[in-house]
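S.K.: Okay, handing you the structure first.
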Amino acid sequence: MLPAATDALAREWAGYLRARGLARIATGLALLLALTWFAGGRVLDLPSWPGVSAPLRASALLPVLYGLWAASCLQSRMAGLELHAARRLHHWDVALAAAAVVVALTPSLLVLAEEGGRQAGVTARNTLLWAGLALVLSRFVGQRRIWLVVLAAACALTVTGWDRAASPRAWAFPLHPYDSGRALASAALATALGLLCVAAPWRRRADR
C-alpha cells in the first residue's frame, strides 16, 4: 500500500510541477545564469537624478531579474489543478516559493568566484530583497503586472537612489554596501513577508 501511495503522491507532484511550468522555470534560470556569467562583472555608469552616481556592478542589478524569476514560479497554466487537493497545493506553493528563493541565490556563488565575497554578499542580499518584494507584490497586482511594477521600481530606485555626493540614499537599500545593517534587515524582512504572503489564505490568485 505504501508504494501505491508513493506513486500517487509522485503523480500529483509531477502534475503540480507541470502546472507551474517546470520547463519554463528551468529555461528562465538557465538564461539568467548565462547572463550572470557573461555580464555579472561589468561595471555600469548609469544616469541618476542628481547627475552623479557611483559605478555600479551589473551583479548588483541582476538580482531584480532573479527575484522576478522566483515569483514567476507560482504562475499556473492548469486552472483545474487548484480545484484538486487545494490544501496540499497550498503547502506545495509555500515549499516551491522557498525553494525558488534559495535557488535564486545561485548567482551569488558565481559572483563569489569572479568578484569576491563582498560583491557576492551584495548580490545575495539584493536577491533576497527583490524576491521577497516580488512575492509580496504578486499577491496584489498579479503575475501579468508584476514584471512591469518591479522593473519600474528598480529603474526608479537606481536613478533616484544617489545623493549629490554619489552615496546611496538611506532608503535605497539595493545600492548600499555589503555590510549595511539596514539593507540586510530589509532583505530579511522582504523575504519573510513574501513567504508569508504566499502562505496567507487571503492571498490574491496571482496566476489568473
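Going by the numbering used here, the first residue of the sequence shown is number 124, and it counts up by one from there. For every residue, glycine included, the Cβ atom is placed at its ideal position computed from N, Cα and C.
1. Is it the case that the region 135-154 contacts the region 266-279, given that we only count it when at least three CB pairs across the two stretches are under 8 Å?
2. Mind checking residue 192: buried by the 16 CB within 10 Å criterion, or exposed?
3. By the 10 Å Cβ neighbour count, where 16 or more other Cβ atoms means buried, how is residue 196 classified, buried or exposed?
4. For residue 143, tell me which candidate among 172, 285, 217, 233 has the shortest Cα-Cα distance.
5. For residue 286, which residues of its own chain have a beta-carbon under 7 Å away from its beta-carbon, when the five flanking residues on both sides are left out?
6. What is the C-beta distance between residue 301 and residue 215, in whole angstroms, given that I count them as a contact (C-beta under 8 Å)?
7. On the DSSP bridge assignment, give the partners of residue 160 in chain order.
8. In three-state terms, what does DSSP make of residue 172?
9. Using a Cβ-Cβ cut-off of 6 Å (strictly less than) and excluding sequence neighbours within five positions of residue 227, which residues of its own chain qualify?
10. Kindly indicate which residue of 289, 311, 296, 312 has the alpha-carbon position closest to the one of residue 177.
11. Candidates 164, 180, 315: which alpha carbon is nearest residue 257's?
12. Suppose you measure from the CA of residue 278 to the CA of residue 213; what does that come to, to the nearest Å?
13. What do you reckon, are the CB atoms on residue 223 and residue 235 nearer than 8 Å?
14. Rounded C-beta distance between residue 241 and residue 306? I'm assuming under 8 Å.
15. Residues in its own chain within less than 6 Å of residue 159 by CB, not counting five upstream and five downstream?
16. If we ignore side chains and look at the alpha-carbon of each, how far apart do residue 294 and residue 137 end up?
17. Below 8 Å CB to CB, which residues in the same chain sit around residue 206 once its five sequence neighbours on both sides are set aside?
18. In terms of DSSP beta bridges, what is residue 166 paired with?
19. Is the CB-CB distance between residue 345 and residue 220 below 8 Å?
M.R.: Quick look at the numbers:
1. no
2. Counting from 1 along the sequence shown, the entry for residue 192 is found at position 69. The residue in question, residue 192, is buried, as its Cβ has 16 or more Cβ neighbours within 10 Å.
3. Along the sequence shown, one-based indexing puts residue 196 at 73. It counts as buried.
4. For the purposes of this step, residue 143 is identified with residue 20 of the sequence shown, where counting begins at 1. Selected option, being the one with the closest Cα: 217.
5. Residue 286 sits at position 163 when you count from the first residue of the sequence shown. If we look at residue 286 and ignore the five residues flanking it on each side, its Cβ neighbours are 173, 292.
6. Locating residue 301 in the sequence shown gives position 178, where the first residue counts as 1. Locating residue 215 in the sequence shown gives position 92, where the first residue counts as 1. The pair is not a contact, with the Cβ atoms about 34 Å apart (cut-off 8 Å).
7. By 1-based counting over the sequence shown, the position of residue 160 is 37. None; residue 160 has no bridge partner.
8. Position 49 of the sequence shown, counted from the start, is the residue given in the question as residue 172. It is coil, neither helix nor strand.
9. Residue mapping note: residue 227 aligns to position 104 of the sequence shown, counting from 1. Contacts found: 189, 193, 250, 254.
10. For the purposes of this step, residue 177 is taken as the residue at position 54 of the sequence shown. Ranking 289, 311, 296, 312 by Cα distance to residue 177 puts 289 first.
11. For this step, residue 257 is matched to residue 134 along the sequence shown. Among 164, 180, 315, the Cα nearest to that of residue 257 is on 315.
12. As a working note, residue 278 is residue 155 in the sequence shown. As a working note, residue 213 is residue 90 in the sequence shown. Residue 278 and residue 213: Cα-Cα distance of roughly 33 Å.
13. Within the sequence shown, residue 223 is the residue found at index 100, counting from 1. Within the sequence shown, residue 235 is the residue found at index 112, counting from 1. Going by C-beta atoms, residue 223 is not nearer than 8 Å to residue 235.
14. Numbered from 1 along the sequence shown, position 118 holds the residue referred to as residue 241. Numbered from 1 along the sequence shown, position 183 holds the residue referred to as residue 306. That belief does not hold up - the Cβ atoms of residue 241 and residue 306 are roughly 13 Å apart, past 8 Å.
15. Stepping through the sequence shown from its first residue, residue 159 is reached at position 36. The residues are 185, 230, 233.
16. Mapped onto the sequence shown, residue 294 falls at position 171. Mapped onto the sequence shown, residue 137 falls at position 14. Straight-line Cα distance between these residues: approximately 42 Å.
17. Residue 206 sits at position 83 when you count from the first residue of the sequence shown. Summary for residue 206: the model assigns pLDDT 48, below 50, so the residue's position carries little reliability; its value from the coordinates is reported in the next sentence. For residue 206, where only same-chain residues beyond five positions count, there are no Cβ hits under 8 Å.
18. Position 43 of the sequence shown holds residue 166. Looking at the DSSP assignment, residue 166 forms a beta bridge with 180.
19. Since the first residue shown for the chain is 124 and the last is 331, residue 345 is missing from the structure and cannot be characterised.
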